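Student: Please see the structure below; I have some questions.
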Amino acid sequence: MEYEAGYYDVVVVGAGHAGCEAALASARLGCKTAVFAINLDSIANMPCNPSIGGTAKGHLVREIDALGGEMGKNTDKTFIQSKVLNSAKGPAVFSLRAQVDRRRYQIEMKHTLEKQENLDIKQAEIIDILSETDENGSKKISGVKTHTGAIYRCRSIVLTTGTYLKARIVIGDVSYSGGPDGLFPANKLSDSLKELGIELFRFKTGTPARINRRSVDFSKMSEQSGDDRIVPFSFEVEEINIEQVSCWLTHTSEETHKIIKENLHRSPLYSGDIKGVGPRYCPSIEDKVVRFADKESHQVFVEPMGLETQEMYLQGMSSSLPEDVQIKMVKSLPGLENVSIMRSAYAIEYDCINATQLDLTLEFRDINGLYSAGQINGSSGYEEAAAQGLVAGINAALKIKEKESLILDRSEGYIGVLVDDLVTKGTKEPYRMMTSRSEYRLLLRQDNADLRLTPIGYRIGLISEERYKRFEEKRDKIQREIERIEKKVISPTEKVNAFLEKMNSTPIKSGVKLGDLLRRPELNYEALLEIEEREELSFPIKEQVEISIKYDGYIKRQLMQVEQFKRLEKRKLDKEINYLGIDGLRIEARQKLNQIKPDSIGQASRITGVSPADISVLLIYLEQLKRDKRIKDKDE
Ligand SMILES: Cc1cc2nc3c(=O)[nH]c(=O)nc-3n(C[C@H](O)[C@H](O)[C@H](O)COP(=O)(O)OP(=O)(O)OC[C@H]3O[C@@H](n4cnc5c(N)ncnc54)[C@H](O)[C@@H]3O)c2cc1C
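Under our numbering, the first residue of the sequence shown carries the number 240, and numbering increases by one thereafter.
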């Protein structure tokens, strides 16, 4: 029996990584918010690897923190190992990765939601999105209905349903309707979305088995320990010292590959039972054995899932092969001969939307007040989900507050790249963030996310006065130190030249700018301490100073490219343009432009199927429009 259960400004459907960020942002911006989950004990659940960050994903988490989101802080409270990946390469690809205690991560995030003013948390399945037609004849949402008949009226809805919509679990020839980790699926909402005219895709992802630590022979594996100096994810956290746990490295054997090849006919991936499209960059082990047949073995990381559990995660062994095959397969790995499997590997198929139906605020172009974020948009990964959740939650609230929306462009952050790629190009498989997706990765480093985004977080109201003051102090200290180093002249004293010789660096004959010394590849900021006295600065400030000076040539070049990019982003396109009527545009371009209604010439140029020639036609069309308007204004 249906009943009116109340009113909220914003309703968030789902309390996964996207839902938590969306709900917190909306409530913190002053909107009366409710967040729903099918099971409250699965808030911020990690159905896959118990880790946050990694290549490009670490950048997203730092950007979320810089804007005022929660994932970075929650990770700093619950991680059990921390590493900076790619530290032997350039700073553009330095990526923080933390192994987290899965249960504690959930408990902390759930508690943060529970303590948040303006936010109610509710256990219920949303089965229907209620909508009406507004005075302009366009569709707008009006509320949600739960599986128990409760109707909540609201002005905005953020969909963050993850891998639950019509979810189907597949293990060999066994399949059944089910969500991740034995949780209930959401089997009704997809039909309601279809009724609203939303196009859905079928995607798939998979996860490996979980094993009992007691059954592992670590003497046959190599220990992977965390970094000595821990870099926090949150810019709010100065320093962290914890006793870290280790991960372990083993690898597949010839026997493993033989078992997989002999049983490929029983794999639902190869039997065609799985229809959903899987992630290219997170392939299952059977996929890896087939696609990289020349490789004799693949790395497998055995990762702890927490401090109060014996459960361990087999990173790199995601699979949907039958259980009996899985057991043989896992037992063929060095160190796992006597393994006890606690949870089998499985694949999960689920419904997600075609994200090109959204605009850059993550609102549906044709459904007023309906937003979407996370895996439901075709992305894959906790970090990608959280980034979208933050953007959607902020924009749902800003719209209610009649304030300007938050749109981050590709030169401002990986969050901008993520949203633009999803809504402008769309994706035919689960989309994973990578540094190679950004044109400006030297500017979008993980270390300077606060310098790029905290002023924006402050402007929209998610960064407190107190935090912003600390940020300004840091920014000014960096600037002052860069100016000091670029101005200071070092004289060719005996001490200086002895130091340079020690560093295999060319001695100087006359006064040299300290900045020029720092630009020498064999010298770094820390080493130069030996030849000049200076105020002790924190590691994050030193890191900024060193990178800004050492890479300033490359940085300047990228900044010029950004200027060019921004010029095209500023050429705005009216949403009312009927592209079908523009002569000179190719048919495919007309259809795609009319479907996506790009914000700008820049966005139009990134739509698949729109060629540079089409963009030239568009620019001429805009000039024509401008001329016509001038003539019309003159006549009037
Ligand atoms: C088996 C598996 C393997 C994965 N493997 C990988 C991988 O290898 N690499 C990778 O990057 N990512 C992987 N992921 C994806 C990763 O888990 C997700 O990217 C991430 O959890 C998405 O976050 P989200 O917030 O979008 O959704 P989720 O974390 O899935 O959360 C969805 C939330 O929505 C709620 N919900 C759903 N429908 C309703 C409804 N109708 N009413 C109320 N509440 C609802 C659920 O209760 C849940 O709280 C995997 C996920 C699974 C399940």
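C-beta: ideal position from N, C-alpha, C; glycine also. Model, not experiment: these values are computed from the prediction.
(1) Below 8 Å, how does it come out for the region 392-404 and the region 412-430: are there three or more Cβ pairs, yes or no?
(2) Would you check whether ligand 1 has a heavy atom nearer than 7 Å to the C-beta of Tyr621?
(3) Counting Cβ pairs, one atom from each stretch, are 3 or more of them under 8 Å apart for the region 632-651 and the region 387-402?
(4) Quick check on this structure: which residue in Phe804, Val339, Ile835 and Tyr764 has the alpha carbon closest to the alpha carbon of Ser485?
(5) Where does Asn687 sit, in a helix, a strand or coil, going by DSSP?
(6) Smallest Cα separation from Ile513: which of Lys443, Asp466, Ser571 and Ser536?
(7) Per DSSP, Pro543 forms a beta bridge with which residues?
(8) On the DSSP letters alone, give me the boundaries of the beta strand (DSSP E) that Thr446 sits inside.
(9) Do you know whose CA, among Glu475, Tyr520 and Val409, lies nearest Asp304's CA?
(10) By Cβ distance below 6 Å, which residues in the same chain neighbour Asp659 in space, the five residues on each side in sequence not counted?
(11) Starting from Asp367, trace the beta strand (DSSP E) both ways and give me its first and last residue.
(12) Using only the heavy atoms of ligand 1, determine whether one of them is closer than 7 Å to the beta carbon of Thr387.
(13) Three or more beta-carbon pairs under 8 Å between the region 821-833 and the region 804-811, yes or no?
(14) Is the beta carbon of Ser744 sitting closer than 8 Å to the one on Leu757?
(15) Since Leu503 and Glu525 are thought to touch, with beta carbons under 8 Å apart, how far apart are those beta carbons, to the nearest angstrom?
(16) Check Gly292 in the structure and name its three-state DSSP category.
(17) Please give the ranges of any beta strand (DSSP E) in the region 459-512, keeping only runs that are unbroken, at least 3 residues long and fully inside the region.
(18) I need the boundaries of the alpha helix (DSSP H) containing Ser381, first residue and last residue.
(19) Can you name the start and end residues of the alpha helix (DSSP H) that Cys259 belongs to?
(20) Taking all protein chains shown into account, do 16 or more other C-beta atoms lie within 10 angstroms of the C-beta of Lys713, making it buried, or fewer, making it exposed?
(21) Distance check for Ser749 and Leu739, CA to CA, integer angstroms please.
(22) Would you please state the rounded distance, in angstroms, between the beta carbons of Ile729 and Leu768? I believe it to be under 8 Å.
(23) Cutting at 7 Å between CB atoms, please list the residues of its own chain near Ile770, excluding the five before and the five after it.
(24) Can you tell me whether DSSP reads Asp340 as helix, strand or coil?
(25) Express the C-alpha separation of Glu478 and Met310 in angstroms, rounding to a whole number.
(26) For Ser675 and Val662, I'd like the C-alpha separation in whole angstroms.
(27) Between the C-alpha atoms of Ile368 and Ser431, what's the straight-line distance to the nearest angstrom?
(28) So the candidates are Leu435, Met544 and Leu858; which of them puts its Cα closest to the Cα of Arg604?
(29) Ser558 and Pro447 - do their beta-carbons sit closer together than 8 Å?
(30) Does Asp373 pass the burial test, meaning 16 or more other C-beta atoms within 10 Å, or should it be called exposed?
(31) Tell me, please, which residues DSSP counts as bridged to Thr402.
(32) Which same chain residues end up closer than 8 Å to Leu508 when comparing Cβ atoms and leaving out the 5 residues on each side of it in sequence?
(33) What are the complete alpha helix (DSSP H) segments, minimum 4 residues, inside the region 306-334?
(34) Which value, in whole angstroms, describes the spacing of the CA atoms of Leu268 and Ser571?
(35) Would you identify the three-state DSSP class for Gln355, choosing helix, strand or coil?
(36) Just mark Tyr793 as buried or exposed, buried being the case when its beta carbon has 16 or more other beta carbons within 10 Å.
Tutor: In brief:
(1) Judged by Cβ distances under 8 Å, the region 392-404 makes contact with the region 412-430, as three or more pairs qualify.
(2) The count along the sequence shown starts at 1 and reaches residue 621 at position 382. Checking every heavy atom of ligand 1 against the Cβ of Tyr621, one is found closer than 7 Å.
(3) Counting C-beta pairs with one atom in each stretch, the region 632-651 and the region 387-402 have three or more that are closer than 8 Å, which means they touch.
(4) Working through the sequence shown from its first residue, we reach residue 485 at position 246. Comparing Cα positions, the closest option is Val339.
(5) On the sequence shown, residue 687 is found 448 positions in, with the first residue counted as 1. Reduced to three states, the DSSP call for Asn687 is coil.
(6) As a first step, residue 513 is located in the sequence shown; it is residue number 274 there, counting from the start. Minimum Cα distance to Ile513 is reached at Lys443.
(7) Taking the sequence shown and counting its residues from 1, one reaches residue 543 at position 304. The partner list for Pro543 (beta bridge, DSSP) reads Met551.
(8) Against the sequence shown, residue 446 aligns to sequence position 207. Thr446 -> beta strand (DSSP E) spans Leu439 to Thr446.
(9) Locating residue 304 in the sequence shown gives position 65, counting from the first residue. Of the candidates Glu475, Tyr520 and Val409, the one whose C-alpha sits nearest the C-alpha of Asp304 is Glu475.
(10) Taking the first residue of the sequence shown as position 1, residue 659 is located at position 420. Contacts found: Arg649.
(11) For this step, residue 367 is matched to residue 128 along the sequence shown. Unbroken beta strand (DSSP E) run through Asp367: Ile365 to Thr372.
(12) Position 148 of the sequence shown holds residue 387. No, the beta carbon of Thr387 sits no closer than 7 Å to any heavy atom of ligand 1.
(13) no
(14) Indexing the sequence shown from 1 puts residue 744 at position 505. Indexing the sequence shown from 1 puts residue 757 at position 518. It is not a contact, given that the beta carbons lie outside the stated cut-off.
(15) As a first step, residue 503 must be located in the sequence shown, where it is residue number 264. As a first step, residue 525 must be located in the sequence shown, where it is residue number 286. Right, their Cβ atoms sit about 7 Å apart.
(16) Along the sequence shown, one-based indexing puts residue 292 at 53. The three-state reading of DSSP puts Gly292 in strand, counting E and B together.
(17) 461-463 and 486-490
(18) Taking the sequence shown and counting its residues from 1, the one referred to as residue 381 is at position 142. In this chain, Ser381 is not harboured by any alpha helix (DSSP H); it is covered by the beta strand (DSSP E) spanning Lys378 to Thr385.
(19) The count along the sequence shown starts at 1 and reaches residue 259 at position 20. Cys259 -> alpha helix (DSSP H) spans His256 to Arg267.
(20) Looking up residue 713 in the sequence shown gives position 474. The residue in question, Lys713, is buried, as its Cβ has 16 or more Cβ neighbours within 10 Å.
(21) Working through the sequence shown from its first residue, we reach residue 739 at position 500. Working through the sequence shown from its first residue, we reach residue 749 at position 510. Straight-line Cα distance between these residues: approximately 14 Å.
(22) Numbered from 1 along the sequence shown, position 490 holds the residue referred to as residue 729. Numbered from 1 along the sequence shown, position 529 holds the residue referred to as residue 768. Ile729 to Leu768, Cβ: 13 Å. No contact.
(23) Looking up residue 770 in the sequence shown gives position 531. Cβ-Cβ distances below 7 Å link Ile770 to Ile729, Lys734, Val735 and Phe738 in the same chain, with the five nearest sequence neighbours on each side left out; the list follows chain order.
(24) As a position in the sequence shown, residue 340 is number 101, starting the count at 1. Of the three classes helix, strand and coil, the one that applies to Asp340 here is coil, per DSSP.
(25) Here residue 310 is taken as the residue at index 71 of the sequence shown, counted from 1. Here residue 478 is taken as the residue at index 239 of the sequence shown, counted from 1. In a straight line, the C-alpha of Met310 is about 17 Å away from that of Glu478.
(26) Start at 1 with the first residue of the sequence shown, and residue 675 comes out as number 436. Start at 1 with the first residue of the sequence shown, and residue 662 comes out as number 423. For Ser675 and Val662, the distance between alpha carbons rounds to 18 Å.
(27) Numbered from its first residue, the sequence shown carries residue 368 at position 129. Numbered from its first residue, the sequence shown carries residue 431 at position 192. Roughly 6 Å between the two C-alpha positions.
(28) Taking the first residue of the sequence shown as position 1, residue 604 is located at position 365. Cα-wise, what sits closest to Arg604 is Leu435.
(29) The residue labelled residue 447 in the question sits at position 208 within the sequence shown. The residue labelled residue 558 in the question sits at position 319 within the sequence shown. Closer than 8 Å, so yes.
(30) Sequence index remark: in the sequence shown, residue 373 carries index 134 (1-based). Burial call: exposed.
(31) Working through the sequence shown from its first residue, we reach residue 402 at position 163. Partner(s): none; Thr402 has no beta bridge.
(32) Here residue 508 refers to the residue found at position 269 of the sequence shown. So the list reads Gly517, Ser523, Glu525, Asp526, Ser559 and Ala586, once near-sequence residues are dropped.
(33) 310-317
(34) What you label residue 268 is simply residue 29 of the sequence shown in a count that begins at 1. What you label residue 571 is simply residue 332 of the sequence shown in a count that begins at 1. Between Leu268 and Ser571, the C-alpha separation is close to 53 Å.
(35) By 1-based counting over the sequence shown, the position of residue 355 is 116. Looking at Gln355 - three-state DSSP - the assignment turns out to be coil, as it is neither helix nor strand.
(36) If you number the sequence shown from 1, residue 793 lands on position 554. Exposed, by the Cβ-count rule.
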